[in-house]
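Report on the structure given below.
Number of protein chains: 2
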Amino acid sequence: MNYKLRCIHCGKIYESNEVKYTCPVCGSRLGTLEVVYNNFSHVEKFDLEHKGMWAFSRFLPVDLNHFEVPLLVGNTPIYEKRRLARELGLSNLYVKDDGRNPTASYKDRASALAIAKAKELGISTIYCASTGNAASSLSGLSAASGVKSVIFVPRSAPDAKITQLLVYGATVIAVDGSYDEAFDLSMEVGEEFGWYCRNSAVNPYLLEGKKTGAMEAALQLNWRIPDVAMVSVGDGTVVSSIYKGFSDLKKAGLISKIPMIIGVQAEGANAVMRTFELGIFDEPRDMEAHSMADSIAVGKPRDVLKACKYVKESGGKFISVSDDEIGRAIVELARKTGVFAEPAGATAYAGLKKIKDELKGKSVILFITGNGLKDINSVKRFVTQVYVVKPNREEAKEALRNAGAI
Amino acid sequence: MNYKLRCIHCGKIYESNEVKYTCPVCGSRLGTLEVVYNNFSHVEKFDLEHKGMWAFSRFLPVDLNHFEVPLLVGNTPIYEKRRLARELGLSNLYVKDDGRNPTASYKDRASALAIAKAKELGISTIYCASTGNAASSLSGLSAASGVKSVIFVPRSAPDAKITQLLVYGATVIAVDGSYDEAFDLSMEVGEEFGWYCRNSAVNPYLLEGKKTGAMEAALQLNWRIPDVAMVSVGDGTVVSSIYKGFSDLKKAGLISKIPMIIGVQAEGANAVMRTFELGIFDEPRDMEAHSMADSIAVGKPRDVLKACKYVKESGGKFISVSDDEIGRAIVELARKTGVFAEPAGATAYAGLKKIKDELKGKSVILFITGNGLKDINSVKRFVTQVYVVKPNREEAKEALRNAGAI
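Read top to bottom, the protein sequences are chains A and B. Following the numbering used here, the numbering of the first sequence begins with 1 at its first residue and continues without gaps. Following the numbering used here, the numbering of the second sequence begins with 1001 at its first residue and continues without gaps.
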């Protein structure tokens, strides 16, 4: 094996066959593992167009003859937004739209890695506890790959999100209890049957899949790395993966700097930020979470230690924004760039708006983690009105005048 | 100009500055125009990855220094599905997933062309009458491109679809009347203010944008063209564009055959099929349309003549499928390929299922025209059940047994 696993808390190094998911000494909360590589084999050319995230196979903890999920994951577009950058006082602004993935979120990168890993291990059922993007992503990619998926959701999960899982043929267990109870039950049952675990943070390999988002951006920018990278933060794995992607590229000598990473949380769910600001990262400040940005409405972040360490290492920090700021950010981002993001996706832009003066003159990349079609309803109260008219020209013109369109 | 406009009904040829949208002799219903080129300049290499549909600029009726919409339109994935092909008795099956476009539908190709054309003409407002993909596509791409969009919808249009338009900043006029009244009002008002028209079929250039879907597929298949191409049909422009894309490539000498094109309609909205089967294409068989596949629930198809002529030319035909077949097709396609399509998108697959015996031994390409996230609700009654359990292991195992997961 070209890689080992290191506990983010105690630093102990394990062979990949020695431990399953987390450090047995430090436990599943603090003892999440990181994948460390001995070296990266040289690559001539990265074939993003045909391989998507698998263009970065040499940086991934799977066999070179790995199973590739037969959907194009990654190779999502990056947009340079010069005019918007000027408006905000930045030297440049890049928007990486990961809502263009097969199931419309960043999580597809992690699910693809999980499936490849399960196939490598000869396991044909994968499970997770999730109501959101991790679940839809796992069920969609599993369907394409011919593996079974079992999803544990709290019974309160919205109908539309569950429908999507069922369409893909997932077995959905609705647990009459909290998310945490669904999570614990999934781990118990998954363990008993020897299924593969796609629970965020618990499984160290998921982050390796996610890091390809940062790697792709770096490649698309011809290795010219922006000063600052911003992304929304719930559990803490995506923000960690952004660091890891740049960090592994730097180790391989392909880029010379890691951007300052700024994680943006919802005010009602800013446990990672609170822990970070405490300065002691292994005493997580859990809380009751409330936010319209459901993908990041996490009160007990499961990768908090890693997220804090990595972000600190990059010279960055965490900030938080209100639901109102998030709602307005969805609308403004859509109007100024054409990228319609789900609330968690637009949170990074809300954060940028909030601290733009601090970032004056810098170049910034925003990672947009999910498509707005996933959650149309929550944005309703932030949009302008519809003009109702009878089918006649004069009424239409009156309405257009009121709308400022003529 | 390297192109002219020809009336699909009378065959009269116009210079592009002589007519606006349709043939003045044959009227807007039958006299839709087709864009015919004198020749196609030679292209060394098609840069799909960076340019998306604009890789085919030489085949498009826009200036070479055209304005490109600053979102990546096109470069959507194509999947080879050998196992599913075998199951269906085909020699091969390709699935082109155009739900991966910026606003998640095939219509983005037409909207991008419309915006480029409007910019070329110096027009800064574009309008359309639509409740669906054409509207969301126009509003999203307009936002990115800094042009204004005005959308006319019937007042009955669903809230969620209108929200998306408002997020992008479109001016939305809800007409207290039918779709046809909204359409007529849009034409009147648009004409009065000199706005650019993005109404399907009326504007001959839209089809040219759409044809890039077929061209892309051909390129991705290294110019090896499948025997049969299948796509859903409402107004008739998409199916026409598939023919036009292959046909223009054949004229340019890049491919040697045009696939047999089979248009699939919903049974409750199969006016194009009825007209086609009549054998007289200029006496459209309009009807009251009813189908769960709202994007193709068209009773008065506005490009019927062209669609019939082109499909006949290809040696193909039209078929229709029930809403039940469409619903089951969404689920089966998602489970077998991981591609979650909206009802209209899955209609092509429903058609393939219906006539698979006729197509035995042939290679088939399916064009999937929109993402399932656009219409989650309509698929609800076709999925299996959720298993509700208390948070304990024994109940969970009982449920998993009932689900057949263990």
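Every residue gets a Cβ at the ideal spot worked out from N, C-alpha and C, and that includes glycine. The model shown is predicted, which means the values in this text are computed figures rather than measured ones.
Assuming residue i and residue j make a contact with CB atoms under 8 Å, what is their CB distance in whole Å?
i, j, result
"A/Tyr106", "A/Asp98", "4 Å"
"A/Arg6", "A/Ser111", "About 24 Å; that fails the 8 Å criterion."
"B/Arg1472", "B/Pro1077", "Nothing in the structure corresponds to residue 1472 of chain B, since chain B is present only between 1001 and 1406."
"A/Ile296", "A/Val233", "6 Å"
"B/Val1379", "B/Val1095", "Going by Cβ atoms, the distance from B/Val1379 to B/Val1095 rounds to 18 Å, so no, they are not a contact pair."
"B/Ala1134", "B/Arg1155", "Their Cβ separation, rounded to whole angstroms, is 18 Å, which puts B/Ala1134 and B/Arg1155 out of contact at 8 Å."
"A/Thr125", "A/Val150", "6 Å"
"B/Thr1212", "B/Gly1345", "Their Cβ separation, rounded to whole angstroms, is 18 Å, which puts B/Thr1212 and B/Gly1345 out of contact at 8 Å."
I want to see whether chain A comes within less than 9 Å of residue i, judged by CB atoms only; does it?
i, result
"B/Gly1177", "yes"
"B/Ile1376", "yes"
"B/Ile1126", "no"
"B/Val1043", "no"
"B/Thr1103", "yes"
"B/Ile1326", "no"
"B/Asn1392", "yes"
"B/Ala1055", "no"
"B/Asp1357", "no"
"B/Gly1429", "The structure shown does not extend to residue 1429 of chain B, since chain B is modelled only from 1001 to 1406, so the question has no answer here."
Which of the three DSSP states, helix, strand or coil, is assigned to residue i?
i, result
"B/Pro1077", "coil"
"A/Leu5", "strand"
"B/Ile1162", "helix"
"A/Val238", "helix"
"A/Met187", "helix"
"B/Ile1330", "helix"
"A/Cys197", "strand"
"B/Ile1123", "coil"
"A/Phe281", "coil"
"B/Pro1301", "coil"
"A/Glu15", "coil"
"A/Leu72", "coil"
"A/Lys312", "helix"
"A/Gly132", "coil"
"A/Val383", "coil"
"A/Ser232", "strand"
"A/Thr171", "strand"
"A/Asn377", "helix"
"A/Asp323", "helix"
"A/Lys397", "helix"
List the residues of chain A that residue i touches, going by C-beta distances under 8 Å, in chain order.
i, result
"B/Val1228", "Ordered by position in chain A, no residue passes the 8 Å Cβ test against B/Val1228, which lies about 22 Å from the chain."
Could you tell me which of the options sits nearest to residue i, measuring between CA atoms?
i, options, result
"A/Phe246", "A/Val202, A/Leu207, A/Phe281 and A/Ile13", "A/Leu207"
"A/Arg335", "B/Ala1269, B/Lys1148, B/Asn1371 and B/Gly1011", "B/Lys1148"
"B/Thr1022", "B/Ile1225, B/Val1202 and B/Asp1063", "B/Val1202"
"B/Tyr1196", "B/Phe1281, B/Gly1122 and B/Met1287", "B/Gly1122"
"B/Lys1317", "B/Arg1285, B/Val1272, B/Thr1384 and B/Val1331", "B/Val1272"
"A/Ala396", "B/Thr1131, B/Gly1177, B/Gly1299 and B/Ala1160", "B/Gly1177"
"B/Met1287", "B/Gln1164, B/Thr1275 and B/Asp1294", "B/Thr1275"
"B/Glu1332", "A/Glu394, A/Ala350 and A/Ala143", "A/Ala143"
"A/Asn222", "A/Ser322, A/Leu249, A/Val239 and A/His50", "A/Leu249"
"A/Arg373", "A/Gln164, A/Glu216, A/Gly299 and A/Gly404", "According to the sequence provided, residue 373 of chain A is Leu. The question's Arg does not apply to it. Nearest option by C-alpha distance: A/Gln164."
"A/Phe40", "A/Gln265, A/Arg285, A/Thr384 and A/Ala252", "A/Ala252"
Just checking: is the beta-carbon of residue i within a distance shorter than 9 Å of some beta-carbon in chain B?
i, result
"A/Ile368", "no"
"A/Ile319", "no"
"A/Pro343", "no"
"A/Lys336", "yes"
"A/Ala293", "no"
"A/Asn75", "yes"
"A/Ala348", "no"
"A/Ala387", "In the sequence as displayed, the identity of residue 387 of chain A is Tyr instead of Ala. Judged by the 9 Å Cβ criterion, A/Tyr387 is in contact with chain B."
"A/Lys96", "no"
"A/Lys397", "yes"
Strictly below 9 Å CB to CB, what residues from chain B border residue i?
i, result
"A/Leu400", "Val1150, Thr1171, Ile1173, Val1189 and Phe1193"
"A/Thr163", "Ile1376, Asn1377, Val1379, Lys1380 and Val1383"
"A/Arg86", "Residues of chain B passing the Cβ test: none, with the nearest at roughly 14 Å."
Taking 8 Å as the cut-off, is the C-beta of residue i nearer than that to any heavy atom in the ligand PLP?
i, result
"A/Lys107", "Ligands are entirely absent from the displayed structure, and the ligand PLP is therefore not among its contents."
Starting from the beta carbon of residue i, find every residue of chain A whose beta carbon is closer than 7 Å, and list them in chain order.
i, result
"B/Ile1330", "Val167"
"B/Leu1072", "Pro77"
Anything in chain B within Cβ reach of residue i, meaning under 7 Å, just list it in chain order.
i, result
"A/Arg100", "Arg1100"
So which residues of chain B does residue i contact, with C-beta pairs closer than 8 Å?
i, result
"A/Arg155", "Val1388"
"A/Ile406", "Phe1193"
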